[in-house]
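Here is the structure we will look at, set down as structure tokens.
Number of protein chains: 2
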Amino acid sequence: MARQGLTRADIIGAAIEMIESEGLHSFSLRELASRLHIKAASLYNHIKSSDELHTEVGYYAISELKRAQLDAIAGKERAEAIESLADAYYRFGKERPEIYKVILSLPMVRNDAIHTAGFDIVEPIMTAMAGYHLTREQMMHLQRVFRSIMHGFISQEEAGCFRQFPVDVGDSYRMAVRGFILLLENSEKEARA
Amino acid sequence: MARQGLTRADIIGAAIEMIESEGLHSFSLRELASRLHIKAASLYNHIKSSDELHTEVGYYAISELKRAQLDAIAGKERAEAIESLADAYYRFGKERPEIYKVILSLPMVRNDAIHTAGFDIVEPIMTAMAGYHLTREQMMHLQRVFRSIMHGFISQEEAGCFRQFPVDVGDSYRMAVRGFILLLENSEKEARA
DNA sequence: ATAATAATCTAACGCTGTTAGTTTAACGAG
DNA sequence: CTCGTTAAACTAACAGCGTTAGATTATTAT
């Protein structure tokens, strides 16, 4: 009936758009289908399940985050690189909260391809730390610390957990980044010893 | 029919038990009702909605976390207090992941009482930092940084985001806490200046 | 003993993801 | 230019979800 020849890419694209504008929580296959002027069951000609679509949106989200991070650290070193990387991460989380949530909800879905895509997030961090004289092992730990700080900050701010005190959230954020840089410098001293 | 006179507390207690053993994601009112040998509709004599029950479980979770934190810092000061507090937080997140998730999913539900309960989480952190010579404003920021690190670390480990490298997660955790203590010491110097 | 309260029930609504089976439009081959 | 294949779309249905309205019934208070 008035066949429009939708492709898998069309559907993933529409899902991304819909999640970004209406929110991840209110996303549903039926609503997606309705926007494409299709019945929900017809989606199954292009995707295997809701989970698979979710994963596909996740790939997109991770690639977007990686691109923003690589742009941020281009031509920068040490503290400047770290600050710029953190800012890019922070801005991504704040400006595209629904897409960011997709990344977070991703690893729940056990999937090796996702696991591999995780390296896309790690790589820019390792590059940004390259200017510090650290052992490979230190970098693996510090990469985790960086991600913890960034993710913890973004998700708690988004959840409204930072409204308890009247002090500026931006100031808190800069203090958190300063803490990580202090740790980097301190680790560098230890590596030299 | 064989009325058993269930109370609101019975239902909240059963929900906690069920979430803790079966997981938050697979929790449903119908399954809860079934375990209480009741029909789902009957739950509405004791609770107003699924959200309200969820909030009630959240109160329990926050009070449990607060208790663990206060126990942890009793009679301790400065770095020792912070490390002990962090350990308690970390252990809570690892040992009771489903209950911990309830706390995280809580602020989404706009509720002033929850907002107030949030202070229960902040208070032990402020107490633990009391031994450092910091301004009140510094403490408000640092409290946010602490929560970011802890929450970020716990939720990423739980989500499986830390499996990318073969280095010990416990070592990464200790490095993260060390970073926070470095920041505390550094902030103390600034406050004196 | 009677009246009020509240715990429980049944039945239903609209929402969700998903499957099976059917129609039909488009495309490629003879 | 028709015929056969492919696949995009359909309808109908199922089981699950939270939730509501209204009837029933056991306990409690008077």
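So the protein sequences, as listed, match chains A and B.
To convert, note that position 117 of the first sequence is 116 in numbering that gives the first Met the number 0; the numbers rise steadily by one, no gaps.
To convert, note that position 103 of the second sequence is 102 in numbering that gives the first Met the number 0; the numbers rise steadily by one, no gaps.
We put the beta carbon where it would ideally sit given N, CA and C, even for glycine.
Please read these numbers as outputs of a predicted model, since none were measured by experiment.
Do you know offhand how far residue i's Cα is from residue j's?
i: A/Ala32; j: A/Leu42; result: 7 Å
i: A/Val121; j: B/Ile153; result: 18 Å
i: A/Ser48; j: A/Ile11; result: 12 Å
i: A/Ile81; j: A/Arg90; result: 14 Å
i: A/Glu63; j: A/His53; result: 15 Å
i: A/Asp119; j: B/Val166; result: 19 Å
i: A/Ile201; j: A/Arg173; result: Since the displayed chain A opens at 0 and closes at 192, residue 201 of chain A lies outside it and no answer follows.
i: B/Pro106; j: B/Tyr99; result: 13 Å
i: B/Arg177; j: B/Glu187; result: 15 Å
i: B/Phe164; j: B/Gln155; result: 14 Å
i: B/Met0; j: A/Ser104; result: In this prediction, B/Met0 has a pLDDT of 48, which is less than 50 and means its spatial position is unreliable; nothing more can be read from the coordinates.
i: B/Gln142; j: A/Asp86; result: 20 Å
i: B/His132; j: A/Asp170; result: 19 Å
i: B/Gly74; j: B/Glu184; result: 20 Å
i: B/Glu55; j: B/Val168; result: 33 Å
i: B/His24; j: A/Ala192; result: 48 Å
i: B/Arg146; j: A/Arg162; result: 13 Å
i: B/Ala175; j: B/Glu136; result: 23 Å
i: A/Tyr88; j: A/Ala78; result: 15 Å
i: A/Ser20; j: A/Ala39; result: 20 Å
i: B/His114; j: A/Thr126; result: 39 Å
i: A/Glu27; j: A/Glu51; result: Strictly speaking, residue 27 of chain A in this sequence is Ser, with Glu absent from that position. Each residue's Cα considered, the two are about 13 Å apart.
i: B/Gln3; j: B/Asp9; result: 11 Å
i: A/Arg7; j: A/Asn44; result: 9 Å
i: B/His140; j: A/His140; result: 24 Å
i: B/Ile15; j: B/Gly92; result: 16 Å
i: A/Ala13; j: B/Lys65; result: 44 Å
How about residue i and residue j: are their beta carbons less than 8 Å apart?
i: A/Ile180; j: A/Pro123; result: no
i: A/Thr134; j: A/Ala67; result: no
i: A/Leu84; j: A/Val144; result: no
i: B/Ala60; j: B/Ile102; result: yes
i: A/Arg34; j: A/Met17; result: yes
i: A/Glu97; j: A/Gly151; result: no
i: A/Gly130; j: A/Glu94; result: no
i: A/Met149; j: A/Met138; result: no
i: B/Gly117; j: A/Cys160; result: yes
i: B/Leu5; j: B/Ile37; result: yes
Using three-state DSSP, classify residue i as helix, strand or coil.
i: B/Ser41; result: helix
i: B/Met0; result: Bear in mind that the predicted position of B/Met0 carries a pLDDT of just 48, short of 50, making it too unreliable to give a figure here.
i: B/Gly12; result: helix
i: B/Asp167; result: coil
i: B/Lys188; result: helix
i: B/Thr6; result: coil
i: B/Ser33; result: helix
i: A/Leu23; result: coil
i: A/Ile98; result: helix
i: A/Phe161; result: coil
i: B/Ile193; result: The requested residue 193 of chain B is not part of the displayed model; chain B covers only 0 to 192.
i: B/Glu55; result: helix
i: A/Met17; result: helix
i: B/Tyr89; result: helix
Continuous alpha helix (DSSP H) assignments of at least 4 residues falling wholly in the region 100 to 148 of chain B
Listed in chain order, they are 111 to 128.
At what residue ranges does the region 61 to 86 of chain B contain a whole run of the beta strand (DSSP E), taking only runs of 3 or more?
none
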